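Visitor: Numbering (UniProt numbering), first residue to last: 1 to 268.
We treat Cβ as the ideally placed atom computed from N, Cα and C, and that holds for glycine.
These figures come from a predicted structure and were not determined experimentally.
1. How is the beta strand (DSSP E) around residue 129 delimited, first residue to last?
2. Candidates 43, 225 and 46: which alpha carbon is nearest residue 204's?
3. Please say whether residue 70 and residue 40 have beta carbons closer to each other than 9 Å?
4. Under a Cβ-count criterion, where at least 16 other Cβ atoms within 10 Å of its own Cβ denotes burial, should residue 259 be classed as buried or exposed?
5. Among all the DSSP beta bridges, which residues are the ones paired with residue 66?
6. Expressed to the nearest angstrom, what Euclidean distance is found between the alpha-carbon atoms of residue 63 and residue 92?
7. Would you mind sorting residue 198 into buried or exposed? The rule is 16 or more other CB atoms within 10 Å of its CB.
8. By how many angstroms is the C-alpha of residue 155 removed from the C-alpha of residue 34?
9. In three-state DSSP terms, what is residue 218?
10. Among residues of its own chain, excluding the 5 on either side of residue 211, which ones have a beta-carbon nearer than 7 Å to its beta-carbon?
11. Comparing C-alpha positions only, which one of 45, 61, 261 and 190 sits nearest to residue 213?
12. So, residue 130 versus residue 30, is the Cβ gap smaller than 9 Å?
13. Give me whichever residues DSSP pairs with residue 188 in a beta bridge.
14. Please work out which residues of its chain come closer than 7 Å, Cβ to Cβ, to residue 148, disregarding the five sequence neighbours upstream and downstream, and give them in chain order.
15. The beta strand (DSSP E) with residue 152 in it runs from where to where?
16. Output needed for residue 43: all residues of its chain with C-beta closer than 7 Å, excluding positions within five of it in sequence on either side, in chain order.
17. What does a CB cutoff of less than 7 Å around residue 177 pick up in its chain, not counting 5 residues either side in sequence?
18. Count the CB pairs spanning the region 121–139 and the region 169–189 that are closer than 8 Å, and state whether there are at least three.
19. Kindly indicate which residue of 241, 223, 267 and 200 has the alpha-carbon position closest to the one of residue 256.
20. Looking only at its chain, what residues have a beta carbon closer than 7 Å to the beta carbon of residue 268, apart from the 5 residues adjacent to it on each side?
21. Nearest-angstrom Cα distance between residue 239 and residue 232?
22. Pull up the distance between the alpha-carbon of residue 38 and that of residue 218, whole angstroms please.
23. Could you give the first and the last residue of the continuous beta strand (DSSP E) run that contains residue 122?
24. Taking DSSP as the reference, what is the three-state secondary structure of residue 18?
25. Excluding the five sequence neighbours on either side, which residues of its own chain have a C-beta within less than 7 Å of the C-beta of residue 145, listed in chain order?
26. Exposed or buried, what is residue 122 when buried is set at 16 or more other beta-carbons lying within 10 Å of its beta-carbon?
27. Given a cut-off of 9 Å on the beta-carbon distance, is the pair residue 195 and residue 182 in contact?
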């Protein structure tokens, strides 16, 4: 399986010009393992996020995938997937804490706006677990519907109902409200960079009416809000730095908190 030859959703006009080989190899491995473990229960596998939006940074960006199943997974399937993900990264140290895979049934994906359903998920810094997922995943499923690379299965537009601009805007406003409380316990550069760049994307999407990459949103926000230019530029550097686990000073972290509060006030 190569992402280079994988079909795109029909409404995505621009084809990915270059996909990093390590991403293609990783996705091919995950695809093969998932097919083996789920067999006929596998409906589709989709790559979204930075890879699909052509904003992938080698060694830094996560790889985001959605696996859709015909029927809800049972305990034995969850256990096999949990073991598979441990084995997957055991031989790929460079991917530790950089893979997010969500496992959701076709019915749960169809009804996520109306109710929560069980979802298997493994993400950066978190082991494989089973959670309840519903409307709080609207932004991710909107991304899948509009921009995903189809590795296997039908067009995601046939699995996910249309999501309106008003629904996206409301979800973004709710999402940014979570950040002020979360920042109090996280001061390392990677976390601060994530907060700042997420605020940039939230501002751009909500005010400009279209989603874009973190890099493009940061450039736009730095121009649109010159009072935050230096902080946004720093955040871009923190994200790519090898020492992004370093702790920011109290003064710099206070600036991050101020920018988050500015975003909350701007969007509400």
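Guide: The structure says:
1. Within the chain shown, numbered from 1, the residue matching residue 129 stands at position 129. It spans 126–133 - the beta strand (DSSP E) in which residue 129 sits, taken as one unbroken run.
2. As a first step, residue 204 must be located in the chain shown, where it is residue number 204. Taking only the C-alpha atoms, the option nearest residue 204 is 225.
3. Here the question's residue 40 lines up with position 40 in the chain shown. Here the question's residue 70 lines up with position 70 in the chain shown. Inclusion of residue 40 and residue 70 in the CB contact set at 9 Å is warranted, their separation being smaller than that value.
4. On the chain shown, position 259 is the one that residue 259 refers to. Burial call: buried.
5. For the purposes of this step, residue 66 is taken as residue 66 along the chain shown, with counting starting at 1. Residue pairing by DSSP places residue 66 opposite 46 and 102 in a beta bridge.
6. For the purposes of this step, residue 63 is taken as the residue at position 63 of the chain shown. For the purposes of this step, residue 92 is taken as the residue at position 92 of the chain shown. Residue 92 has its alpha-carbon roughly 13 Å from the corresponding atom of residue 63.
7. The residue given as residue 198 occupies position 198 in the chain shown. Residue 198 sits buried, since 16 or more C-beta atoms from the chains shown fall within 10 Å of its C-beta.
8. Position 34 of the chain shown, counted from the first residue, corresponds to residue 34. Position 155 of the chain shown, counted from the first residue, corresponds to residue 155. Rounded to the nearest angstrom, the two C-alpha atoms are 19 Å apart.
9. If you number the chain shown from 1, residue 218 lands on position 218. DSSP places residue 218 within a helical segment (H, G or I) once states are collapsed to three.
10. Residue 211 sits at position 211 when you count from the first residue of the chain shown. Setting aside the 5 residues that flank it on each side, residue 211 is surrounded in the same chain by 205, each with a C-beta closer than 7 Å to its C-beta; the list follows chain order.
11. On the chain shown, position 213 is the one that residue 213 refers to. The shortest Cα separation from residue 213 among 45, 61, 261 and 190 belongs to 61.
12. Taking the first residue of the chain shown as 1, we reach residue 130 at position 130. Taking the first residue of the chain shown as 1, we reach residue 30 at position 30. One thing to note: residue 130 has its Cβ no nearer than 9 Å to the Cβ of residue 30.
13. Sequence index remark: in the chain shown, residue 188 carries index 188 (1-based). According to DSSP, which records beta bridges pairwise, residue 188 is partnered with 247.
14. Counted from its first residue, the chain shown places residue 148 at position 148. Taking residue 148 as the centre and dropping the five residues before and after it, the same chain places the C-beta of 9, 46, 47, 48, 52 and 156 closer than 7 Å to its C-beta, in chain order.
15. As a position in the chain shown, residue 152 is number 152, starting the count at 1. Its beta strand (DSSP E) spans residues 149–152.
16. To locate residue 43, count along the chain shown from 1; it is residue 43. The answer, listed in chain order, is 68, 69, 70, 106 and 153.
17. Translated into the one-based positions of the chain shown, residue 177 becomes position 177. Spatial neighbours of residue 177 in its own chain (CB-CB distance under 7 Å, excluding positions within 5 residues in sequence) are listed in chain order as 264.
18. They touch, by the three-pair rule.
19. Taking the first residue of the chain shown as position 1, residue 256 is located at position 256. Nearest to residue 256 by alpha-carbon distance, out of 241, 223, 267 and 200, is 200.
20. Here the question's residue 268 lines up with position 268 in the chain shown. Only 173 meet the Cβ criterion.
21. As a first step, residue 239 must be located in the chain shown, where it is residue number 239. As a first step, residue 232 must be located in the chain shown, where it is residue number 232. Roughly 11 Å between the two C-alpha positions.
22. Counted from its first residue, the chain shown places residue 38 at position 38. Counted from its first residue, the chain shown places residue 218 at position 218. Distance between the alpha carbons of residue 38 and residue 218: 40 Å.
23. One-based indexing of the chain shown puts residue 122 at position 122. If you look at residue 122, you'll find it in the beta strand (DSSP E) that goes 117–123.
24. For the purposes of this step, residue 18 is identified with residue 18 of the chain shown, where counting begins at 1. Because residue 18 carries a pLDDT of 44, less than 50, the predicted location of this residue cannot be relied on, and no value is offered for it.
25. Against the chain shown, residue 145 aligns to sequence position 145. Residues 156, 157, 160 and 163 of the same chain have their beta carbon placed closer than 7 Å to that of residue 145, with the five preceding and five following residues left out of the count.
26. On the chain shown, position 122 is the one that residue 122 refers to. The residue is buried, with at least 16 neighbouring Cβ atoms inside 10 Å.
27. Along the chain shown, read from residue 1 onward, the residue named residue 195 stands at position 195. Along the chain shown, read from residue 1 onward, the residue named residue 182 stands at position 182. A contact, by the Cβ cut-off of 9 Å.
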